[in-house]
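S.K.: Residue numbers (our numbering): 3 to 163.
We treat Cβ as the ideally placed atom computed from N, Cα and C, and that holds for glycine.
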Amino acid sequence: LRENFIERVFCYRRFQDLVQNGVTKQALIRFHTIHKYLLLAHSQQHYETMGRLVGQTKRYQLKELTLKYGEHFMRALTMKATVRKHVNVLQHIVGYFKSRLSTHEKAELLGVIADYHKGLTPLIVPLTLVKHYVQIFDVGYIRDQVYLSPHPKELMLRNHA
3 LRENFIERVF CYRRFQDLVQ NGVTKQALIR FHTIHKYLLL AHSQQHYETM
53 GRLVGQTKRY QLKELTLKYG EHFMRALTMK ATVRKHVNVL QHIVGYFKSR
103 LSTHEKAELL GVIADYHKGL TPLIVPLTLV KHYVQIFDVG YIRDQVYLSP
153 HPKELMLRNH A
């Protein structure tokens, strides 16, 4: 509950920064892109709705589009990010570099994700390993995902099983 609230605070701040910096269609698309996996961890339905909205940039005035997007964005974040949703997101992310892993590395990574799924380890464990491989293989699209670092690590919000 605490993690979800703090995550929303940081997401709201990022959205406000987007608006205050003079939102453009490209900036809104970029914002949506880097929040993809964070949104999927909360609500696939909201993510898909927001994707369709961002895809209709010609239909809406930018101000109206941004307002609608912001409402959906914050509403999506009120949905609880569950273990099952996190596992789904982690598996999607792993798909970006799985073929580059050795058999041992792949087994280790899938093992820590399975341990998280069973409640044997906190989310930070598979996330740390995923971040490690994202850096090694230089997977820019994933490295830019807010999901990997939605708030300062000093808060240690993802350290509980």
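Counting C-beta neighbours from all protein chains within 10 Å, is the total for residue 38 16 or more, i.e. buried, or is it exposed?
M.R.: When all chains shown are included, residue 38 counts as buried.
S.K.: What is the residue span of the alpha helix (DSSP H) that residue 128 lies within?
M.R.: 126 to 138 is the span of the alpha helix (DSSP H), which, as asked, contains residue 128.
S.K.: For residue 66, which of 149, 80 and 26 has the nearest alpha-carbon?
M.R.: It is 26.
S.K.: Are the CB atoms of residue 78 and residue 48 nearer to each other than 8 Å?
M.R.: The answer is yes: Cβ separation under 8 Å.
S.K.: Excluding five sequence neighbours on each side, which residues of the same chain lie with their C-beta closer than 8 Å to the C-beta of residue 52?
M.R.: Within the same chain, residue 52 has close Cβ partners 34, 41, 71, 74, 75 and 78.
S.K.: Among 104, 63, 81 and 108, which one has its Cα closest to the Cα of residue 93?
M.R.: The shortest Cα separation from residue 93 among 104, 63, 81 and 108 belongs to 108.
S.K.: Could you tell me the alpha carbon to alpha carbon distance between residue 99 and residue 145, rounded to whole angstroms?
M.R.: Using only the alpha carbons, I get a separation of about 12 Å.
S.K.: Quick one: what's got a C-beta closer than 8 Å to residue 10's C-beta in the same chain, skipping five residues either side?
M.R.: Correct list, in chain order: 76, 79 and 80.
S.K.: Do residue 82 and residue 6 have their CB atoms nearer than 8 Å?
M.R.: For residue 82 and residue 6, yes; Cβs fall inside 8 Å.
S.K.: Rounded to whole angstroms, how far is the Cβ of residue 115 from the Cβ of residue 128, which I believe are closer than 8 Å?
M.R.: Confirmed, about 5 Å.
S.K.: Whole-angstrom Cβ separation of residue 96 and residue 56, contact assumed at under 8 Å?
M.R.: That pair is no contact at about 25 Å.
S.K.: Using 8 Å as the threshold, is the C-beta distance between residue 2 and residue 125 below it?
M.R.: Lying outside 3 to 163, the shown extent of the chain, residue 2 is not represented and no answer is given.
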